[in-house]
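Asks: Residue numbers (the working numbering): 61 to 515.
#1: Taking the alpha-carbon positions, what's the residue 291 to residue 280 distance?
#2: Taking three-plus beta-carbon pairs below 8 Å as touching, is the stretch 295-304 in contact with the stretch 398-417?
#3: Just how far apart, CA to CA, sit residue 493 and residue 438?
#4: Would you mind stating whether residue 199 and residue 386 have Cβ atoms separated by less than 9 Å?
#5: So residue 199 is in the alpha helix (DSSP H); what residue range does that whole segment cover?
#6: Take every Cβ of the stretch 352-362, pair it with every Cβ of the stretch 477-484, and state whether three or more of those distances are shorter than 8 Å.
#7: Hey, how far is the Cα of residue 454 from the Cα of residue 154?
#8: Cβ of residue 443 within 9 Å of Cβ of residue 392?
#9: Just the Cα atoms here: how many angstroms apart are residue 323 and residue 485?
#10: Taking the alpha carbon of residue 88 as the reference point, which residue from 458, 192, 332 has its own alpha carbon closest?
#11: Out of 223, 117, 370, 282, which has the shortest C-alpha to C-alpha gap to residue 103?
#12: Secondary structure at residue 325, three-state DSSP: helix, strand or coil?
#13: How long is the line joining the alpha carbons of residue 147 and residue 389, rounded to whole angstroms?
#14: If you draw a straight line from the C-alpha of residue 80 to the C-alpha of residue 186, how long is it?
#15: Might you give, ordered along the chain, the residues of its own chain that have their beta carbon closer than 7 Å to the beta carbon of residue 183, omitting 5 neighbours on each side?
#16: Taking only three categories from DSSP, how would you classify residue 280?
#17: Closer than 8 Å: is that where the CB of residue 352 sits relative to any heavy atom of the ligand GDP?
#18: Rounded to a whole number of angstroms, what is the C-alpha to C-alpha distance between residue 458 and residue 365?
#19: Give me, in chain order, the residues of the same chain whose beta-carbon lies closer than 8 Å to that of residue 207; leave out the 5 immediate sequence neighbours on both sides.
#20: To the nearest angstrom, how far is the alpha carbon of residue 268 from that of residue 274?
#21: Take residue 254 and list the residues in its own chain whose beta-carbon comes closer than 6 Å to its own, dropping the five residues that flank it on each side.
#22: Among 432, 330, 315, 349, which residue has its Cα nearest to the Cα of residue 338?
#23: Give the single residue among 188, 227, 226 whose Cα lies nearest to the Cα of residue 212.
#24: Taking 9 Å as the cut-off, decide whether the C-beta atoms of residue 435 and residue 371 are in contact.
#25: What separation, rounded to the nearest whole angstrom, lies between the Cα atoms of residue 218 and residue 94?
#26: Where does residue 472 sit, in a helix, a strand or coil, going by DSSP?
#27: Is it true that the CB of residue 196 sits closer than 9 Å to the CB of residue 96?
#28: CA-CA distance, residue 311 and residue 445?
#29: Give the secondary structure of residue 34 by DSSP, where H, G and I count as helix, E and B as strand, and everything else as coil.
#30: Using the three-state DSSP reduction, which class does residue 463 fall into: helix, strand or coil?
#31: For residue 213, report the span of its alpha helix (DSSP H) as first-last.
#32: On the three-state DSSP scale, how would you describe residue 189?
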């Protein structure tokens with residue numbers, strides 16, 4: 061069994077690289093929170109009241125980073141894990157045809173993900189470990205009472221991060237791996253596209269809980285007024301989590317709705333890209349989930365802080381202060397790393413499928429320019445869909461808080477956080493276009509028959 065696990069990892073390295081990269085990014089994000097806790101435990105030893113207060117502040121900040129990281133990891137890691145397994149359903153069907161029991165297929169898939177997660181998280185920790193103390197020093201430089209600490213990230217914390225990420229990856233694969241073992245071989249061999257996954261009751265429940273919590277926190281601003289603090293940090297991320305939880309239902313509908321506005325006859329490449337994105341629902345939803353996190357998380361945080369700042373200015377006549385760069389990077393550096401890497405990984409993982417689709421276009425008479433334009437347009441479609449969903453999150457976050465604050469501070473204006481959302485969208489667009497077109501350019505030397513014949 062071990063030989064099969066390792067040989068399949070080598071054979072499908074292009075697909076497994078996505079889970080590897082996301083595991084490494086998740087470990088890097090978790091290392092930030094682990095470094096804060098490690099630093100906090102170190103200063104507790106002195107026993108002074110000030111050090112205990114500092115340790116408590118670090119623990120609170122670490123818990124916030126963990127919550128924001130969980131929002132990103134839950135959406136991205138689950139999508140990448142499902143996509144990793146769905147892209148190999150044909151191979152799992154072949155295993156069953158040659159006599160491998162379905163239960164064994166499930167065990168093999170879980171072992172593969174455990175190996176990839178262990179290697180990826182180890183690589184991630186090894187890369188970021190030397191930089192965590194310096195990053196924490198920079199991130200805490202604007203925090204009162206937390207400056208000039210002896211920041212650290214020790215071996216024990218690194219091992220804990222590696223084990224935690226590995227466990228999370230394996231747990232996220234329980235349902236998809238079971239589905240891989242239960243699939244009927246003949247059904248998959250006849251169907252080139254992976255089976256559409258339904259939105260489970262757990263996703264609906266998770267989305268409802270996140271939406272309810274966001275509503276309760278927004279309502280609590282009515283009593284807190286301009287003294288609100290923690291609510292601002294959580295309302296936007298909770299709304300983002302709610303959207304990504306029901307993403308498999310929302311994203312395809314949003315994609316079809318806005319792309320139908322552009323006439324298909326205007327461009328053959330646009331027509332091909334729109335239909336490819338709409339047909340590959342699971343693949344597109346995985347990418348859009350990561351992009352929504354990338355755009356909505358920073359935008360919603362700035363929207364909340366700027367809306368509260370508007371209320372403070374109307375009350376006191378002076379600016380309430382915004383979210384400084386150091387605190388922003390400390391809180392969202394890890395989650396954005398996970399979401400950006402996850403978005404790029406979902407595109408690269410499907411490189412073989414995309415290359416075969418491009419070869420079919422060329423075999424049907426399409427030019428190389430049409431193939432590249434189709435890939436670029438598909439990236440634009442995915443980013444555009446994410447922007448629309450993120451815009452809903454920003455509007456709900458800003459307007460909800462503005463209405464709640466207006467009870468005590470009449471005239472409070474909502475701020476949408478576009479100064480963070482727009483750069484995030486542009487970076488996402490550039491990354492997605494590069495991830496979608498560069499593999500087609502580099503793979504140009506392969507002949508069309510060889511590409512189409514590849515399994």
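Don't be surprised by glycine CBs; every beta carbon is placed ideally from N, CA and C.
Replies: Concretely, from the data shown:
#1: Approximately 8 Å between the Cα atoms of the pair.
#2: no
#3: 8 Å
#4: yes
#5: 192-199
#6: yes
#7: The alpha-carbon atoms of residue 454 and residue 154 are separated by roughly 46 Å.
#8: no
#9: 24 Å
#10: 192
#11: 117
#12: Of the three classes helix, strand and coil, the one that applies to residue 325 here is helix, per DSSP.
#13: 34 Å
#14: 14 Å
#15: 84
#16: If DSSP states are grouped into helix, strand and coil, residue 280 belongs with the helices.
#17: Ligands in the displayed structure: none, and consequently the ligand GDP is not present.
#18: 9 Å
#19: So the list reads 200, 201, once near-sequence residues are dropped.
#20: 10 Å
#21: With a pLDDT of 47 at residue 254, under the threshold of 50, the modelled position of this residue cannot be trusted; read the value that follows with caution. Same-chain partners within the cutoff: 146, 149, 342.
#22: 315
#23: 188
#24: At least 9 Å separates the beta-carbon of residue 435 from that of residue 371.
#25: Approximately 8 Å between the Cα atoms of the pair.
#26: coil
#27: yes
#28: 7 Å
#29: Here the chain covers residues 61 to 515 and nothing more, so residue 34 does not appear.
#30: helix
#31: From DSSP, residue 213 is part of no alpha helix (DSSP H); its letter is neither H nor E.
#32: coil
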